Amino acid sequence: MENEREAVLLIGHGSRDPEGNREFSALVENLRHRWPDRTVAGAFLELAEPGIPQVMGRLAARGIREVWAIPVILLPARHVREEIPEILAGSAREWGVRVRYGRPLGLHPGVLDMLVDRLAEAVGEGELSTGKAEGTAVVFVGRGSSNAEANAQLYRVARLFWERCGADWVEPCFVGVTYPDVPTALRRALLSGVRRVVVLPYLLFTGVLMKRLAGWVEEAQAEMPEVEFRLARYLAGHPKLEDIVAGRLQELMDEMARGGDGDGEDFRRRVWAGQ
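Residue numbers (my numbering): 10 to 284.
Quick look at the structure:
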């Protein structure tokens, strides 16, 4: 992408917690340095500014006529399938800009690598390097969605993670919107008789949900001091995250080079739905 009339737009969900928004903005800035010859912008879907229409207007005012949009979001819930494409399509019509829409981060193999690394940080590299985090259950926590397919993908990610992590048990759950919830998953994990429970967030950035998780872990530890509870880090700050986002952009560019569409109704077709 060398055309000065093209730009990359990275889209985050947005949070009520300014710290999480700053982490997303830092990721955008790092990728801006990684791609010095590209125009790179960041926008939030909701809860924070700047929003997508605002940034699209700014890009159009700078003479940008083609935008490569990548949702920096994990699973293809309604936000990715409907809301972001609709906002992008409206902005494209308003500003006369062509938009190409990529896939969320989803089941990218690099995401599984990051999750395994976060577990290793929580329990110790030595235990994971042997393939046996013995006596450990993992409570694998997703955001939760009203979209059944997005929730099902969380279970798929959890299963693929379990195949690699060496833990005795992996219990998927959700921090909000749907069930099973985190307290239920903690109780289920303890039924396996483990001596340690690691709560592993399948979340990109910190925010209200991460801090809610920290509270649940503290409560569980106080109630059951005979079991060790640990809260692993979320995914932001891992060096592979930038590579994964860059890979999604390259994937989109390669598909367009092969004659793909990437706009209009193709927005919905392009969203990763379990491939």
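In this text, a Cβ means the ideal position worked out from N, Cα and C, and glycines have one as well. Remember, predicted model here, so these are calculated numbers, not experimental data.
Straight-line Cα distance separating G153 from V217:
14 Å
Out of L68, E13, L163, V191, state which residue places its alpha-carbon closest to the alpha-carbon of L124.
L163
Unbroken beta strand (DSSP E) run spanning P80, endpoints:
75 to 80
C-alpha distance - E28 paired with R267, whole-angstrom precision
Approximately 40 Å between the Cα atoms of the pair.
In whole angstroms, what is the alpha-carbon distance linking D126 and G256?
19 Å
Please state whether DSSP places V226 in a helix, a strand or coil.
Looking at V226 - three-state DSSP - the assignment turns out to be helix.
Between the stretch 98 to 114 and the stretch 57 to 66, are three or more C-beta pairs nearer than 8 Å?
yes
Through-space distance from F183 to G144, alpha-carbon basis
23 Å
CB-CB under 6 Å to I253, same chain, minus the five flanking residues each way: which ones, in chain order?
L114, H117, G119
Test item: CB-CB of V208 and V226 under 8 Å:
yes
Would you kindly check if the distance between the Cβ of A50 and the Cβ of A16 is under 8 Å?
yes
Around the Cβ of R196, are there at least 16 other Cβ atoms within 10 angstroms (buried) or fewer (exposed)?
exposed
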